[in-house]
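Novice: Dropping the structure in here first, questions after.
The structure is reproduced here in structure tokens:
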């Protein structure tokens with residue numbers, strides 16, 4: 077699809093999947109950074125194993141690793157690739173796009189705090205007009221078997237669905253009742269290395285059920301306009 081078609085798909089569905097939009101050299105570089113941080117070899121299996129051990133042994137250091145990975149050069153370059161950024165600029169209707177949060181996401185079925193029920197990102201950015209998330213695999217493909225993200229297609233048209241619900245042994249989450257989303261198609265974000273999805277902060281989504289027995293990891297980056305960046309209570313220093 078061209079830029080206009082991608083923007084139209086985003087506006088209709090609340091998201092757009094982009095096939096082979098990411099330079100594989102940048103993915104390789106990202107893996108190399110992770111291997112360097114973790115002190116393991118660059119094979120994806122080794123990185124996942126090392127991440128798993130770090131998460132199990134030291135949550136604080138694991139969280140720091142996830143944040144640091146969001147700041148490495150290759151992750152920033154991926155977020156600023158012209159083919160991706162041009163779509164974001166078209167959706168936000170500005171060339172002055174602000175790149176905000178960037179981090180590694182991690183899914184392990186046995187760790188409840190890493191599981192997210194149906195929610196919308198707009199709950200966390202109350203004063204922004206729109207925040208667009210770029211979400212993509214960087215170690216392996218993501219699919220229904222390993223708990224890929226699930227989108228409620230078209231759910232972005234209902235902007236205020238979430239309610240704050242404390243989660244035992246986990247983070248307080250802004251959750252959407254399953255019943256509210258009953259009429260929306262549920263789409264598994266099946267992506268290969270090099271693929272990505274852009275989605276609106278109004279789009280309901282959740283963590284899929286990872287039945288593979290192997291932790292699943294992805295990377296996110298978020299974009300907004302000037303109003304969203306500076307008028308929503310975010311602390312840019314923390315990024």
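Residue numbers (the working numbering): 77 to 315. Note that the Cβ used here is the ideal one computed from N, Cα and C, for glycine as well.
With residue 183 as the anchor, note down where its beta strand (DSSP E) starts and where it stops.
Specialist: 174-183
Novice: Check for me: the beta strand (DSSP E) holding residue 275 runs from which residue to which?
Specialist: 272-276
Novice: If you follow the alpha helix (DSSP H) that residue 212 is part of, which residue opens it and which one closes it?
Specialist: Looking at the DSSP string, residue 212 is not in any alpha helix (DSSP H); the run it does join, the beta strand (DSSP E), is 208-213.
Novice: If you draw a straight line from the C-alpha of residue 302 to the C-alpha of residue 233, how long is it?
Specialist: 23 Å
Novice: Compute the beta-carbon to beta-carbon distance between residue 300 and residue 204, rounded to the nearest angstrom, for a pair I have assumed lies under 8 Å.
Specialist: Rounded to the nearest angstrom, the Cβ distance from residue 300 to residue 204 is 5 Å, consistent with a contact under 8 Å.
Novice: Distance, Cα to Cα, residue 292 vs residue 96?
Specialist: 20 Å
Novice: Rounded to the nearest angstrom, how far is the Cβ of residue 274 from that of residue 86, given a contact under 8 Å?
Specialist: 6 Å
Novice: Pull up the distance between the alpha-carbon of residue 120 and that of residue 199, whole angstroms please.
Specialist: 33 Å
Novice: Using three-state DSSP, classify residue 218 as helix, strand or coil.
Specialist: strand
Novice: Do the region 258-270 and the region 174-183 meet, that is, are 3 or more Cβ pairs less than 8 Å apart?
Specialist: no
Novice: Taking Cβ to Cβ, would you say residue 167 is nearer than 7 Å to residue 98?
Specialist: no
Novice: Do residue 209 and residue 296 come within 7 Å of each other at the CB atom, strictly closer than that value?
Specialist: yes
Novice: Quick check: the Cα distance between residue 171 and residue 84, rounded to an integer number of angstroms?
Specialist: 18 Å
Novice: Return the residue from the list 106, 79, 77 that minimises the CA-CA distance to residue 216.
Specialist: By alpha-carbon distance to residue 216, the top candidate from 106, 79, 77 is 106.
Novice: Following a CB-centred definition, is residue 112 positioned closer than 6 Å to any heavy atom of the ligand SAH?
Specialist: Looking at this structure, you won't find the ligand SAH or any other ligand, since it has none at all.
Novice: Between residue 257 and residue 231, which are expected to be in contact by the criterion C-beta below 8 Å, what is the C-beta distance as a whole number of angstroms?
Specialist: 6 Å
Novice: Give a yes or no on whether the C-beta atoms belonging to residue 151 and residue 164 are separated by under 7 Å.
Specialist: In this structure, residue 151 sits away from residue 164, with a CB-CB distance that is not shorter than 7 Å.
Novice: Less than 7 Å separating the beta-carbons of residue 146 and residue 183?
Specialist: no
Novice: How many angstroms separate the CA atom of residue 104 from the CA atom of residue 111?
Specialist: 11 Å
Novice: Do residue 226 and residue 284 have their C-beta atoms closer together than 7 Å?
Specialist: yes
Novice: Cα separation between residue 132 and residue 113?
Specialist: 17 Å
Novice: Measure how close the beta-carbons of residue 252 and residue 194 come, nearest whole angstrom, since I'm counting them as under 8 Å.
Specialist: 4 Å
Novice: So is residue 310 buried or exposed if we call it buried at 16+ other beta carbons inside 10 Å?
Specialist: For residue 310, the predicted structure reports a pLDDT of 49, less than 50, and the residue's modelled location is therefore unreliable. The matter cannot be settled from this model.
Novice: In whole angstroms, what is the alpha-carbon distance linking residue 212 and residue 294?
Specialist: 5 Å
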